[in-house]
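Report on the following structure.
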Amino acid sequence: MMPIWKNPEFVRHFRAELRSKRALTIAAVAVVIAVLIWLGCWGSRASEMALMHNQAAHLGFTAERLAEMDRQTLIVVWFNFYRILMYAQLGVLTFWSLFSCAQSISGERERKTWDFQRATRLSAAELLTGKLFGEPVLAYFIVVCCSPIALLAGLLGKARLGTIAEAYLLIISGAVFLGMAGLWLSTLFESRSRGVGLIGTFGLYLIFGFVVQARESNFPGVAALSPLAGFIPLFDEYAYFGLPRIFGSPVPWVVLSLLLYLMFGAWLALTLLRTLTKDYDQMRSLSRWQAVGCAAFLNFTLYALFVPRTLTTWDSFTKLMVGINGFILFAMGLAMLTSSEKLRVWWRTRKATRWALFAEDGPQWPWLVLSAAVGYGLLVWGLFAWKNELGFESAALKAGLVEFAVVVVFVTRDITFIQWCRMTRMRAPVLKGVLFAGLYYVAAVVLTIVCGVYSYTLGRYFSSLLTPVGAFEPGPPNLHFPAAVFVGMGIQLGLIVLLEIAIMGRLRPAIGGAVPR
Amino acid sequence: MIELTNLRKEFDDLVAVESLTLSIPSGEIYGLIGPNGAGKTTTIRMICGLLDATQGKIQVAGVDVLGEPERARQYIGYLSDFFSVYEDLKVWEYLDYFAHAYKMPGSEIPARVSEVIAQAGLEVKRDGMIRGLSRGMKQRLGIARAMIHRPKVLVLDEPASGLDPKARIELRTLLRSARDEGATILISSHILTELEGFCTSIGVMEKGRLVRSGRLDEVMLAVTPARTVRLQWLGEGRAQIQAGLGQLAAVSELKLSENEGEFFFSGSDDELSRTLAVLITSGVRVLSFREVKQTVEEMYMKLSSHEVM
Numbered sequence: 063m064m065p066i067w068k069n070p071e072f073v074r075h076f077r078a079e080l081r082s083k084r085a086l087t088i089a090a091v092a093v094v095i096a097v098l099i100w101l102g103c104w105g106s107r108a109s110e111m112a113l114m115h116n117q118a119a120h121l122g123f124t125a126e127r128l129a130e131m132d133r134q135t136l137i138v139v140w141f142n143f144y145r146i147l148m149y150a151q152l153g154v155l156t157f158w159s160l161f162s163c164a165q166s167i168s169g170e171r172e173r174k175t176w177d178f179q180r181a182t183r184l185s186a187a188e189l190l191t192g193k194l195f196g197e198p199v200l201a202y203f204i205v206v207c208c209s210p211i212a213l214l215a216g217l218l219g220k221a222r223l224g225t226i227a228e229a230y231l232l233i234i235s236g237a238v239f240l241g242m243a244g245l246w247l248s249t250l251f252e253s254r255s256r257g258v259g260l261i262g263t264f265g266l267y268l269i270f271g272f273v274v275q276a277r278e279s280n281f282p283g284v285a286a287l288s289p290l291a292g293f294i295p296l297f298d299e300y301a302y303f304g305l306p307r308i309f310g311s312p313v314p315w316v317v318l319s320l321l322l323y324l325m326f327g328a329w330l331a332l333t334l335l336r337t338l339t340k341d342y343d344q345m346r347s348l349s350r351w352q353a354v355g356c357a358a359f360l361n362f363t364l365y366a367l368f369v370p371r372t373l374t375t376w377d378s379f380t381k382l383m384v385g386i387n388g389f390i391l392f393a394m395g396l397a398m399l400t401s402s403e404k405l406r407v408w409w410r411t412r413k414a415t416r417w418a419l420f421a422e423d424g425p426q427w428p429w430l431v432l433s434a435a436v437g438y439g440l441l442v443w444g445l446f447a448w449k450n451e452l453g454f455e456s457a458a459l460k461a462g463l464v465e466f467a468v469v470v471v472f473v474t475r476d477i478t479f480i481q482w483c484r485m486t487r488m489r490a491p492v493l494k495g496v497l498f499a500g501l502y503y504v505a506a507v508v509l510t511i512v513c514g515v516y517s518y519t520l521g522r523y524f525s526s527l528l529t530p531v532g533a534f535e536p537g538p539p540n541l542h543f544p545a546a547v548f549v550g551m552g553i554q555l556g557l558i559v560l561l562e563i564a565i566m567g568r569l570r571p572a573i574g575g576a577v578p579r
Numbered sequence: 127m128i129e130l131t132n133l134r135k136e137f138d139d140l141v142a143v144e145s146l147t148l149s150i151p152s153g154e155i156y157g158l159i160g161p162n163g164a165g166k167t168t169t170i171r172m173i174c175g176l177l178d179a180t181q182g183k184i185q186v187a188g189v190d191v192l193g194e195p196e197r198a199r200q201y202i203g204y205l206s207d208f209f210s211v212y213e214d215l216k217v218w219e220y221l222d223y224f225a226h227a228y229k230m231p232g233s234e235i236p237a238r239v240s241e242v243i244a245q246a247g248l249e250v251k252r253d254g255m256i257r258g259l260s261r262g263m264k265q266r267l268g269i270a271r272a273m274i275h276r277p278k279v280l281v282l283d284e285p286a287s288g289l290d291p292k293a294r295i296e297l298r299t300l301l302r303s304a305r306d307e308g309a310t311i312l313i314s315s316h317i318l319t320e321l322e323g324f325c326t327s328i329g330v331m332e333k334g335r336l337v338r339s340g341r342l343d344e345v346m347l348a349v350t351p352a353r354t355v356r357l358q359w360l361g362e363g364r365a366q367i368q369a370g371l372g373q374l375a376a377v378s379e380l381k382l383s384e385n386e387g388e389f390f391f392s393g394s395d396d397e398l399s400r401t402l403a404v405l406i407t408s409g410v411r412v413l414s415f416r417e418v419k420q421t422v423e424e425m426y427m428k429l430s431s432h433e434v435m
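Sequences listed follow chains V and D, in order.
Position 497 of the first sequence, counting from 1, maps to 559 under my numbering, and the rest follow consecutively.
Position 26 of the second sequence, counting from 1, maps to 152 under my numbering, and the rest follow consecutively.
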């Protein structure tokens, strides 16, 4: 692969965004803002110092003591200035990366320039790196302009060189990771909508900001997904940030952040490399095996980052992990959706294909079951791994199995429904399918509440029948699952069969005719 | 140069392209005509590797497009029907970008950029921003972009749509220079006059199927086996013409008015020349005697059932 400074896509952005006049203006503005910040930092301490000098005689300060205090104050001023500059660079670069990358592919699609890029010899990897660093090139330039000032300020503020390097490592890695997340987001949209883009970007940015709060949870390491987790302790030694743990062993925040960015970034890169040069209708984020692998990776990561705090029993741990797996399976199911065209080809050739049910373009349910089986296997392993902290009983295996079975049935029904939506000619079928599925659960909850008003038992019965909630209710020592859970599972299995029949009905031979442009 | 074998593309429950088998030899200018929605753009996008075929095989310059899309792309220059250019770049920067994106040797790029800028007639705009170009200029820049890496195959989808007559003439000149460089050109259009006198071969698509394909004169001949001949004369000559032409087996559908007439002729050029000699020797004062060439539009109207137009 070509070096980034020779990457045509990066060079294009560099030329377009950083023409000499604009670059000079940006550099000048960056310096002016830095000077203003320094003045602000100085001003906040100047009055304090002036007061100290005026009262020196009264307080009995010697000239040497005053000079020392002046020197210390100046160090504090420089450190505060350095801290603000670093936070500003973090904010500018991460937000700009996310925002510009989140509109990149969709914007090219909208401008009708994307096909020309796809028609060139640039590989998906070259396009990815070119866009990743090219789209936010202006923000990188701002950081380049600010970095000498920040370095000087840091050194004058007595910050360690290693700390400054760590901070820049977090800024750059966080920006690259968020840029990749933005690019992935932009591949999902057929055209750019500045409003949706802005809301999506802000939403994602806030999530990355607030995920730092996870440091107080049972998965404190998840907080390292936010660059703030590693950033805050670098500038505030009094901030309470106990070290996160991997399988119980403490690791520094910066190291964990980099590790998570590397691992999650690799999955994002894999998805982008698969889809970047594909036509919009032919995109599929992950292959079936990759989806199973991703589900296993997410489970493994969560078990590795687990620290028993509020979860102190195997029962609560099992319930939480199965619940999380419900969302993981749903996300993997979405990544496995097949285009109508590919499903038709699979249908025509299925009899001549070995293991047709597990084919890449076949139905999702065998792979969802496989992913759930892997998830269950990892749950068993997790229960053993944490048995000293959570205790372990054989009932945990049964409870986990039933809960997993119920969850996978409901998720399969939802994914099969969304696949059916994709077979119809509705616009944005996946989005609508997800919304309809959400609507179903809202309706089920309302029905449960209404029934619960009349009779608590009836409410529970309906909730077990229509949602997977019933499977999570029984706890030890009497691990007895109500019949409604299994009846509900049966109903959902029936619905899955009906949906599969409906999908098959739409797999009739295609007809010739005009092509929607 | 372009080989399509049993190509098929489905969208949902529609078959956009069906059983398309086509061979375009090197050096041809192949016009793909058909109404909107006939499957021209889909075919072109599949040839360029932008869209996966549901079934079939595509080869460009001997390279399997579906199997080795990145390698095939070096041989293909592509221009889509609706497109825009990067307005925030200069003309030379735009072409330089694509030259690098097609991985041309770095040492060749500056000269090649200047060359295509000259071919596109954009020398005075070389250092100008693209946002300042007229639509025709942008279209020429688009074609210059498609030609920048000296592709063996130039694939143009409705290149003249939305252009004024002057810009169309400029476009033709530019395409002729591409042909002179040795490129095989596949050009799709539903504006049939655009292809008149320009294409060497033609294919007609209807409802995803290629209903006719071949060299232009062969297709014309296949659609209308007899040639139309129009003549004009001075003075009285109608009776001699009736008598002279009526006895020839190659002549049919003879229609004569006061001083002009028309007939179908199914013989060779030599026989047609002798027919003229017969008229002159019989005393007809022939003012003009010429074959009326069928236009692509007329040929298409005969072929097309217009169900999707």
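Note that the Cβ used here is the ideal one computed from N, Cα and C, for glycine as well.
Because the structure is a prediction, the values reported are computed rather than measured.
Beta-bridge partners assigned by DSSP to proline 312 of chain V: V:Arg307. Within the segment 342-372 of chain D, complete beta strand (DSSP E) segments of at least 3 residues are found at 353-360, given in chain order. DSSP places glutamate 562 of chain V in no beta strand (DSSP E) but in the uninterrupted alpha helix (DSSP H) bounded by 545-567. The C-beta distance from glycine 437 of chain V to alanine 357 of chain V rounds to 6 Å, short enough to meet the 8 Å contact threshold. Among the CB atoms of chain D, none fall inside 8 Å of the CB of lysine 460 of chain V. Within the same chain, Cys103 come within 6 Å of asparagine 142 of chain V by CB-CB distance, once the 5 residues on both sides are set aside. Here the C-alpha atom of methionine 383 of chain V lies approximately 12 Å from the C-alpha atom of alanine 434 of chain V. Those residues of the segment 166-187 of chain D placed with their C-beta closer than 8 Å to a C-beta in chain V are Thr167, Thr168, Arg171, Cys174, Gly175, Leu176, Leu177, Asp178, Thr180 and Gln181, ordered along the chain. Less than 8 Å separates the beta-carbon of leucine 357 of chain D from that of glutamate 386 of chain D. Residue environment analysis places lysine 413 of chain V among the exposed positions, since fewer than 16 neighbouring C-beta atoms fall within 10 angstroms of its C-beta. When secondary structure is reduced to three states using DSSP, glutamine 117 of chain V falls in the coil class, being assigned neither helix nor strand. DSSP places asparagine 385 of chain D outside any beta strand (DSSP E), giving it a letter other than H or E. Valine 239 of chain D is a Cβ neighbour of aspartate 222 of chain D, given a cutoff of 8 Å. Taking a Cβ-Cβ cut-off of 7 Å, the neighbours of leucine 184 of chain V in chain D comprise Ala227, given in sequence order. Among the CB atoms of chain D, one or more fall inside 8 Å of the CB of lysine 174 of chain V. Assigned with DSSP and collapsed to three states, asparagine 280 of chain V falls in coil, not helix or strand. Non-local beta-carbon contacts of phenylalanine 415 of chain D in its own chain, meaning distances under 6 Å to residues more than five positions away in sequence, involve Leu357 and Leu402 in chain order. At a cut-off of 8 Å, the C-beta of glutamine 554 of chain V has no neighbouring C-beta in chain D. Proximity of glutamine 200 of chain D to chain V, defined by a Cβ-Cβ separation below 8 Å, is satisfied. Around the Cβ of histidine 75 of chain V, a 10 Å sphere holds 16 or more other Cβ atoms; the residue is buried.
Bridge partners of phenylalanine 390 of chain D according to DSSP: D:Thr354 and D:Ser378. Look at tyrosine 228 of chain D here: in three-state DSSP terms it is coil, with no helix or strand label. Secondary structure at glutamate 234 of chain D: helix, using DSSP grouped into helix, strand and coil. Going by DSSP, methionine 331 of chain D is part of the beta strand (DSSP E) stretching over 327-332. For leucine 280 of chain D, the enclosing beta strand (DSSP E) starts and ends at 279-283. The criterion of a C-beta distance shorter than 8 Å is satisfied by serine 288 of chain V and glycine 271 of chain V. Neighbourhood of aspartate 138 of chain D in chain V, by CB distance below 7 Å: Ser402 and Arg487, in chain order.
Listed along the chain, the chain D residues whose CB falls inside 8 Å of the CB of alanine 181 of chain V are Cys174, Gly175, Leu176, Arg199, Ile202 and Tyr204. For glutamate 422 of chain V, no alpha helix (DSSP H) segment is defined, and its DSSP state is neither H nor E. Secondary structure at aspartate 190 of chain D: strand, using DSSP grouped into helix, strand and coil. Within 10 angstroms of the beta-carbon of serine 315 of chain D lie 16 or more other beta-carbons, which makes it buried. In the three-state reduction of the DSSP assignment, threonine 310 of chain D falls in the strand class. By the beta-carbon neighbour count (other beta carbons within 10 angstroms, threshold 16), tyrosine 212 of chain D is buried.
Looking at D:His275, D:Leu205 and D:Val250, the one whose alpha-carbon comes closest to that of isoleucine 235 of chain D is D:His275. Along the segment 107-136 of chain V, none of the residues has a CB nearer than 8 Å to a CB of chain D. Taking a beta-carbon distance threshold of 8 Å, valine 407 of chain V counts as an interface residue toward chain D.
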